[in-house]
Amino acid sequence: MLNLGILISGRGSNMESILKAIKKKKIPINPAIVISNKPDAKGLKIAQKIGVPVEIVESKGFKGTRAEYDKKIISTLTKYGVTPRNGLVCLAGFMRIISPEFVKKYKNRIINIHPALLPAFPGLDSQKQALEYGSKVSGCTVHFVDTGMDTGPVIIQATVKINEKDTEESLSKKILKEEHRIYPEAVNLFARKKIRVSGRKTIIG
Ligand code: GAR
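Note that numbering that gives the first Met the number 0 has the sequence shown beginning at 0, numbered continuously upward.
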């Protein structure tokens, strides 16, 4: 079975949705490790409660380069069997840009969730960006991570409607509900080897 490593920085609600689906035997993957770059990430407690090992690789105050930090992440993943041959890495609210070295080593084995319909509104504060732009729909995207910023091949997207009364908070809530549905679904497709990458497209099934 594949080994899953989840990287978080905070709340960890997407991580929780994936781990719960695994515990319910909906996804054939071993939840090997949750790693946080922040020692106080709320998601750490949730992972421990579910019974998944956790590690902290603190990024604050780290003096080396991005690639050197990522080396520490890679060695932690490797320790738990999340390797380029037998692993999947999920970024779940991991608020760091990862190095090209990390991306290349785990080619098409790192996936991310983003709270917008990429390629619209990449980067930070995507829900705010969508509201300020005046979009009538937004949503979320699960995609492979490449060396660009939120640019890798799309795996699944879900849409939500935006109405005049929406605030950043209400829109984020609607989008998060869809995130919790499509992220476990994408992990399941990957675990069952149903995703093929062809150029910048994915072929599912
Ligand atoms: C989620 O909304 C996720 O899409 C977003 O951070 C939140 C993390 O929540 N990620 C990004 O904006 C990445 N650019 P969570 O910790 O509860 O899963």
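Every residue, glycine too, gets a C-beta built ideally from N, C-alpha and C.
Since the model is a prediction, treat every value here as computed from it, not as a measurement.
Around the beta carbon of Arg108, a 10 Å sphere encloses 16 or more other beta carbons of the protein chains shown; the residue is thus reported as buried. In the DSSP assignment, the residues bridged to Phe143 are Ile110. As computed with DSSP, Gln156 is found in a beta bridge with Thr140.
Closest by C-alpha distance to Ser125, out of Ile181, His113, Val102, is His113. Residue pairing by DSSP places Val53 opposite Val33 in a beta bridge. Taking Tyr79 as the centre and dropping the five residues before and after it, the same chain places the C-beta of Ala31, Ile32 closer than 6 Å to its C-beta, in chain order. No Cβ-Cβ contact shorter than 8 Å links Lys104 with Pro118.
Each of Glu57, Lys71, Gly9 was checked against the Cα of Lys41, and the nearest Cα belongs to Gly9.
Of the candidates Gly50, Val53, Met0, Met0 places its Cα closest to the Cα of Gly86. Within its own chain, the residues whose Cβ lies closer than 8 Å to the Cβ of Thr166, once the five positions on either side in sequence are excluded, are Leu130, listed in chain order. Beyond the five residues adjoining it in sequence on each side, Leu170 comes within less than 8 Å, by CB distance, of Gln126, Ala129, Leu130, Ser137, Val159, Ile161 in the same chain, given in chain order.
According to DSSP, residue pairing for Arg199 in a beta bridge does not occur.
Within a 10 Å sphere around the beta-carbon of Leu6 sit 16 or more other beta-carbons, which makes this residue buried. The straight-line gap separating the alpha-carbon atoms of Phe189 and Glu54 is approximately 24 Å. In the DSSP assignment, Asn187 falls within the alpha helix (DSSP H) that extends over 167-190. For the pair Cys89 and Ile17, the CB atoms are nearer than the 8 Å cut-off. Beta-bridge annotation (DSSP): Asn2 is paired with Asn29, Gly86.
Relative to Ser35, the option among Gly204, Met14, Ile194 whose CA is nearest is Met14.
Ile72 carries a helical assignment under DSSP once its states are collapsed to helix, strand and coil. When only Cα atoms are considered, Ser12 and Phe61 end up about 26 Å apart.
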